[in-house]
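Participant: Below you will find the structure I want to go over with you.
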Amino acid sequence: MRKSLLASLATLGMLSAPFALANTIEIQVNNTMSEGGSESAAVERFAEYLEEQAPGRFNVRPFLAGSLGGEDAVLELLNLGQTQISITGGNWRQQYAPEYDAITVPFVFSTWEEVDAYMESPSGQRLIELAEDKGGLKYFGTQHRGPRHMTANKAIHTPDDLQGFRLRLPSLPVWLEVWEEIGAQVVNVPAPEIYLAMQTRQVDGHENSLSSPYTRRLWEVQDHIILTSHVMFPWNWVASSRWWSGLDAEDQELITEAIHVARQHGSEVEREFDEYYLEELEKAGMTIIEPDVSLFREAAMPAIERVMADMADGVMDDAMGNGAAD
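For the sequence shown, the residue numbers in mature numbering (1 follows the signal peptide of the UniProt record, and there is no 0) are -22 to -1, 1 to 304.
Structure (structure tokens):
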């Protein structure tokens, strides 16, 4: 599963046996996605940068496709200091600071600039502090993923078009509440059954990043892509605080630089993938619709306000202050 990436790192001299060199620092980098995406590209760039700057100093070992366990399992390993770094999704926010997790709420943020600004806000900084206090995480920043959009078996331009529309969603209560507020009829279907559910008209559409309709060949059972960008769900680079605190300041500085370079590279690779998916889906016959997303946000706002009213003081102001409610 990791052969190609491991081979690439081996050519850099990054996969020598642990402690083969005096003071070699081993860095396991975890992610739940398989090789070939922007995540493994970021890991490879991380390893390359460290080798460029300090040849032989670091032994980077990728653990992709959840090979050390799912996100929750890896978070526990990080807390215990038994693994070093993870490119993790949103579980850490829900596990350690759900009262500050505005990022999970659909239609709150519409650009990556807004997401990153929220993480720099007092609420975002408090989220980071709680994750370190409760989970032993050292936070380094986001790596962008493809925004979540809709597919549909008919044209969707406004919330009125969603009345009676059977939308497949994951079982995430916040997402269900928001989409039901807009007018969709929410249906829960296991991910492997999405194609069949569309083929048999059990559902009328679903939402996900563009990789989902592309890899699932949904153009065979869906006609439209609706670019709602309703969830900007980032990857996050985090490290074990126990491990981090044991490093020299010079090594910490270099690893921080390498993570920054890797995050930027991974985000760019993801953007290129997203452009490719959209182009290929259109070639396959899907109609691309760019709706007025503000209409959907306005329809969702009662649910958004209910959800965020239960969060910590200041979260709504910090999130909406980034322009999400304009």
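Don't be surprised by glycine CBs; every beta carbon is placed ideally from N, CA and C.
Owing to the predicted nature of the structure, the values given are computational and were not obtained by experimental measurement.
Roughly how many angstroms separate the alpha carbons of Gly59 and Val216, rounded to a whole number?
Facilitator: Counting from 1 along the sequence shown, the entry for residue 59 is found at position 81. Counting from 1 along the sequence shown, the entry for residue 216 is found at position 238. Computed Cα separation, rounded: 12 Å.
Participant: Leaving out five residues before and five after Gln180 in sequence, what residues of the same chain have Cβ atoms less than 6 Å from its Cβ?
Facilitator: Taking the first residue of the sequence shown as position 1, residue 180 is located at position 202. Closer than 6 Å at Cβ, skipping near neighbours: no residue.
Participant: Could you tell me the alpha carbon to alpha carbon distance between Trp153 and Leu53, rounded to whole angstroms?
Facilitator: For this step, residue 153 is matched to residue 175 along the sequence shown. For this step, residue 53 is matched to residue 75 along the sequence shown. Cα-Cα distance, rounded: 24 Å.
Participant: Between which two residues does the beta strand (DSSP E) holding Asn9 run?
Facilitator: What you label residue 9 is simply residue 31 of the sequence shown in a count that begins at 1. First-last for Asn9: undefined, no H or E at that position.
Participant: For Leu(-2), which of helix, strand or coil comes out of DSSP?
Facilitator: If you number the sequence shown from 1, residue -2 lands on position 21. Summary for Leu(-2): the model assigns pLDDT 43, below 50, so the residue's position carries little reliability; its value from the coordinates is reported in the next sentence. Coil, per DSSP.
Participant: For Ser166, count neighbouring Cβ atoms within 10 angstroms of its own Cβ and tell me buried if that reaches 16, exposed if not.
Facilitator: To locate residue 166, count along the sequence shown from 1; it is residue 188. Reading off the sequence, residue 166 comes out as Asn, not Ser. Exposed is the call here.
Participant: What do you get for His135, buried or exposed, if any count of 16 or more other CB atoms within 10 angstroms of its CB means buried?
Facilitator: Here residue 135 refers to the residue found at position 157 when the sequence shown is read from its first residue. By the neighbour-count rule (16 or more Cβ atoms within 10 Å), His135 is not buried but exposed.
Participant: For chain C, is any of its Cβ atoms less than 9 Å away from the one on Thr234?
Facilitator: Protein chain content of the structure displayed is limited to a single chain, and chain C is not contained in it.
Participant: For Leu174, count the other beta carbons within 10 Å of its own beta carbon; 16 or more makes it buried, fewer makes it exposed. Which is it?
Facilitator: In the sequence shown, counting from the first residue as 1, residue 174 sits at position 196. Classification for Leu174: exposed.
Participant: Go ahead and pull the three-state DSSP assignment for Met279.
Facilitator: For the purposes of this step, residue 279 is taken as residue 301 along the sequence shown, with counting starting at 1. Here Met279 sits in helix by DSSP.
Participant: Taking DSSP as the reference, what is the three-state secondary structure of Ser64?
Facilitator: Reading the sequence shown from its first residue, position 86 is the one you call residue 64. Ser64: strand per DSSP, three-state reduction.
Participant: For Ser101 versus Phe251, is the C-beta spacing smaller than 9 Å?
Facilitator: Numbered from its first residue, the sequence shown carries residue 101 at position 123. Numbered from its first residue, the sequence shown carries residue 251 at position 273. No, the Cβ-Cβ distance between Ser101 and Phe251 is not below 9 Å.
Participant: Could you tell me if Met298 is buried or exposed, where buried requires 16 or more neighbouring beta carbons within 10 angstroms of its beta carbon?
Facilitator: What you label residue 298 is simply residue 320 of the sequence shown in a count that begins at 1. Answer is buried; the Cβ neighbour count reaches 16.
Participant: What do you get for Ile204, buried or exposed, if any count of 16 or more other CB atoms within 10 angstroms of its CB means buried?
Facilitator: Within the sequence shown, numbered from 1, the residue matching residue 204 stands at position 226. Buried is the call here.
Participant: Do you know how far the Cα of Phe41 is from the Cα of Arg(-21)?
Facilitator: Residue -21 sits at position 2 when you count from the first residue of the sequence shown. Residue 41 sits at position 63 when you count from the first residue of the sequence shown. Any answer about Arg(-21) is weak, because its pLDDT of 44 lies below 50 and its placement is not dependable; what the coordinates show is given next. So the two alpha carbons sit approximately 8 Å from each other.
Participant: Does the stretch 26 to 33 touch the stretch 232 to 252, meaning 3 or more C-beta pairs lie closer than 8 Å?
Facilitator: Contact between the stretch 232 to 252 and the stretch 26 to 33 is present, because at least three Cβ pairs lie under 8 Å.
Participant: Suppose contacts are defined by Cβ-Cβ distances below 9 Å. Is Ile5 in contact with Gln72 by that definition?
Facilitator: Mapped onto the sequence shown, residue 5 falls at position 27. Mapped onto the sequence shown, residue 72 falls at position 94. No, Cβ-Cβ distance for Ile5 and Gln72 is not below 9 Å.
Participant: CA-CA distance, Ala236 and Gly161?
Facilitator: What you label residue 236 is simply residue 258 of the sequence shown in a count that begins at 1. What you label residue 161 is simply residue 183 of the sequence shown in a count that begins at 1. Roughly 45 Å separates the two Cα atoms.
Participant: Give a yes or no on whether the C-beta atoms belonging to His127 and His243 are separated by under 9 Å.
Facilitator: Counting from one through the sequence shown, the residue named residue 127 turns up at place 149. Counting from one through the sequence shown, the residue named residue 243 turns up at place 265. Contact: no.
Participant: Does the beta-carbon of Thr129 have 16 or more other beta-carbons within 10 angstroms, so that it is buried, or is it exposed?
Facilitator: In the sequence shown, the residue the question calls residue 129 occupies position 151. When all chains shown are included, Thr129 counts as buried.
Participant: I'd like to know whether the C-beta atoms of Val38 and Leu28 end up nearer to each other than 9 Å.
Facilitator: Taking the first residue of the sequence shown as 1, we reach residue 38 at position 60. Taking the first residue of the sequence shown as 1, we reach residue 28 at position 50. In this structure, Leu28 lies closer than 9 Å to Val38 by Cβ.
Participant: Counting beta carbon pairs with one atom in the stretch 89 to 99 and one in the stretch 263 to 270, are three or more of them shorter than 8 Å?
Facilitator: Contact between the stretch 263 to 270 and the stretch 89 to 99 is absent, because fewer than three Cβ pairs lie under 8 Å.
Participant: Since Arg146 is in the beta strand (DSSP E), which residue starts that stretch and which ends it?
Facilitator: Position 168 of the sequence shown, counted from the first residue, corresponds to residue 146. Arg146 -> beta strand (DSSP E) spans Arg144 to Arg146.
Participant: Cβ atoms of Leu256 and Leu196: under 9 Å apart, would you say?
Facilitator: Here residue 196 refers to the residue found at position 218 of the sequence shown. Here residue 256 refers to the residue found at position 278 of the sequence shown. Contact: no.
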